[in-house]
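Colleague: Here it is: the structure, laid out below.
Numbering (full-length UniProt numbering), first residue to last: 1 to 590.
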């Protein structure tokens, strides 16, 4: 593939696609749970042609009617590499403690940051071993009296955690810490490989098959910096929905309101960060799986550019839409963890070519700082979500000089269909048997198997259209950030009887993913931050609302700088400021 822009590899051709916005058709999928769900899964997996009927009912045949796809070349790989620019090595790249932008100590609803752990160790008030000793009873599944927090964790290797804490404690006592991450606890999503742990991908099957695995590059980089991996974290089974409902391992409840889901599929990580157990967690995002739980749990989440964070060693579920990224309690934690995760991997053909990640401080943004909004698409969000997002946008305009511009986005409904078809097909080809899966996933993957190669090909043509159109927008408006709500809905309430057997709710799932698919399908980076809290429809506790910004390929640092401004809105502009969940854990109390 030829390069269409200097400074990049595989940059798409800049081409606008002027296709009028069309609202998606209304879905008519029933909510099914309990014994009816089990019965339906048995029927769908055993009755010929029924999966095809359900496939058409889901709208997957929609692409066949779009004449705009006739003369479009398909694009299968969304990776666009941003190369180092001349003089970039002069920008700050080394992480220095003095450069950290930590929220003020008196900020409302303040969460502990990585810097707070650093200060506690530096002063000698606490040691990493002290912190681990306080954490283990809360997160261990094998504890005699299990804490509710432990549902967020699949497994914790106490011996490995203790050894890492003792080693960090020695370094601090000797005055030789490895840096700001030394001794800081973090977790990794269950779909990442970590030496000494099994990998279930949220199922009951061990996908390591008893073999010793090599730790994923991104986890290794945090551990090399002294971070203490305290456990593998729960996820939705196979990552195939966005609630984090998991009958296999249990479902962590939203710390802000226990009548709501955490969101998924990085739901265990989002729970642990929102509850105060760890300042950040490493997740994966194939269809909003970092950003949706970050939005539901009032956190900061980054979906990185495709290929930016090395996925080596390759998991058997890596695909063309999934990336690794952090869920964090604050922007400083997100930035620190991103700098570690995105270290180029010399063994990874694509990762090795990316520019070294840099600190966002000192970057020179575009003078106009444009924020692009596709109004008819944005306006599909619920009114309370729109209100929260617009309040944050007005603050960014009035206090930080951003400008709002109208943009058009083609085929948004078809894009969501194409993304769903792609990720389902790519996962389905790697799941050899449906045996042992929850009923909801038996149905979903059976339906996915009805996808024909011609339909998959049409989906990749839609990908090409979106990447070309984004290239046009980014080259026309330098520094553009495309803004949407994170989800059009304010959280997802838990229905009766859903936690024990799971459930399938196609209408809410599709609506929940209305905005998140774009970044996964086209490979651009996308940052989510909280912008407010709204009254719940059930339970106690206001529900967080989030907003996202999509940047040009390789523009994570610019998005992070924007995220700091969004964090300022919540701390200074939002009435009452940021809020902590009622059950937030004070890990550093000592």
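Where is the CB? At the ideal position from N, CA and C, for every residue including glycine.
1) Grab the span of the beta strand (DSSP E) containing residue 657 for me, first residue to last.
2) Between residue 523 and residue 378, what straight-line distance do the alpha-carbon atoms span, to the nearest angstrom?
3) Apart from the five residues just before and just after residue 166, which ones in its own chain have a Cβ nearer than 7 Å to its Cβ?
4) What residues match up with residue 324 in a beta bridge as DSSP calls it?
5) Name the one or two DSSP bridge partners that residue 300 has.
6) Give a yes or no on contact between the region 105-118 and the region 563-582, applying the rule of three or more CB pairs nearer than 8 Å.
7) Who does residue 398 pair with in a DSSP beta bridge?
8) Excluding sequence positions up to five away, which residues of its chain have a Cβ less than 6 Å from the Cβ of residue 177?
9) For residue 450, does the count of other Cβ atoms within 10 angstroms reach 16, so buried, or fall short, so exposed?
10) Taking 8 Å as the cut-off, does the region 537-546 touch the region 453-462 (at least 3 CB pairs, one atom from each stretch)?
11) Let me know if residue 567 comes out buried or exposed under the rule of 16 or more other beta-carbons within 10 Å of its beta-carbon.
12) Could you pull the start and end residues of the alpha helix (DSSP H) that residue 467 belongs to?
13) Count the CB pairs spanning the region 215-226 and the region 140-149 that are closer than 8 Å, and state whether there are at least three.
14) Have a look at 389, 79 and 162 and flag the residue whose alpha-carbon is nearest the alpha-carbon of residue 311.
15) When the Cα atoms are used, what is the spatial distance from residue 4 to residue 238?
16) So, are the CB atoms of residue 590 and residue 125 less than 8 Å apart?
17) Between residue 21 and residue 14, what straight-line distance do the alpha-carbon atoms span, to the nearest angstrom?
18) What three-state label does DSSP hand residue 231 in the structure shown?
19) Pairing CB atoms from the region 259-268 with CB atoms from the region 461-475, are three or more of them under 8 Å?
20) If I measure Cβ to Cβ from residue 57 and keep anything under 6 Å in the same chain, skipping five residues before and after, which residues do I get?
21) Are the CB atoms of residue 164 and residue 228 within a distance shorter than 8 Å?
22) Name the one or two DSSP bridge partners that residue 218 has.
23) Inspect the beta-carbon positions of residue 181 and residue 231 and report whether they are closer than 8 Å.
24) Along the chain, where does the alpha helix (DSSP H) that runs through residue 421 open and close?
25) Measure how close the beta-carbons of residue 335 and residue 360 come, nearest whole angstrom, since I'm counting them as under 8 Å.
26) Is it buried or exposed for residue 440, if we count other Cβ within 10 angstroms and need 16 for buried?
27) I'd like the span of the beta strand (DSSP E) that includes residue 528, first residue to last.
28) Closest to residue 505 by C-alpha separation, out of 31, 19 and 7, would be which residue?
29) Excluding the five sequence neighbours on either side, which residues of its own chain have a C-beta within less than 7 Å of the C-beta of residue 19, listed in chain order?
30) Would you give the residue range spanned by the beta strand (DSSP E) that residue 33 belongs to?
31) Name the residue from 342, 120 and 54 whose alpha carbon lies nearest to the alpha carbon of residue 525.
32) What does residue 189 pair with, by DSSP beta-bridge criteria?
33) I believe residue 234 touches residue 268 by the beta-carbon criterion, under 8 Å. Please report the beta-carbon distance rounded to the nearest angstrom.
34) Give me the Cα-Cα distance between residue 329 and residue 279, rounded to the nearest whole angstrom.
35) Assign residue 573 to one of three DSSP states: helix, strand, or coil.
36) Can you tell which of 291, 63, 148 and 10 has the C-alpha that lies nearest to the C-alpha of residue 585?
Modeller: Taking the coordinates as given:
1) This structure gives no information on residue 657, because the portion of the chain shown stretches from 1 to 590.
2) A straight line joining the alpha-carbon of residue 523 with that of residue 378 spans about 20 Å.
3) 129
4) According to DSSP, residue 324 shares a beta bridge with 284.
5) 328
6) yes
7) Under DSSP, residue 398 forms no beta bridge with any residue.
8) 171
9) buried
10) no
11) buried
12) 453-476
13) no
14) 79
15) Cα to Cα, residue 4 sits roughly 36 Å from residue 238.
16) Against a cut-off of 8 Å, the Cβ pair of residue 125 and residue 590 comes out as a contact.
17) 20 Å
18) strand
19) no
20) none
21) yes
22) Paired residue(s): none; residue 218 is not in a bridge.
23) no
24) 412-428
25) 6 Å
26) Residue 440 should be labelled buried.
27) 526-534
28) Looking at the Cα atoms, 31 is the closest of the given residues.
29) 68, 410 and 411
30) 31-33
31) 342
32) 233
33) 3 Å
34) 5 Å
35) Three-state DSSP puts residue 573 in a helix.
36) 148
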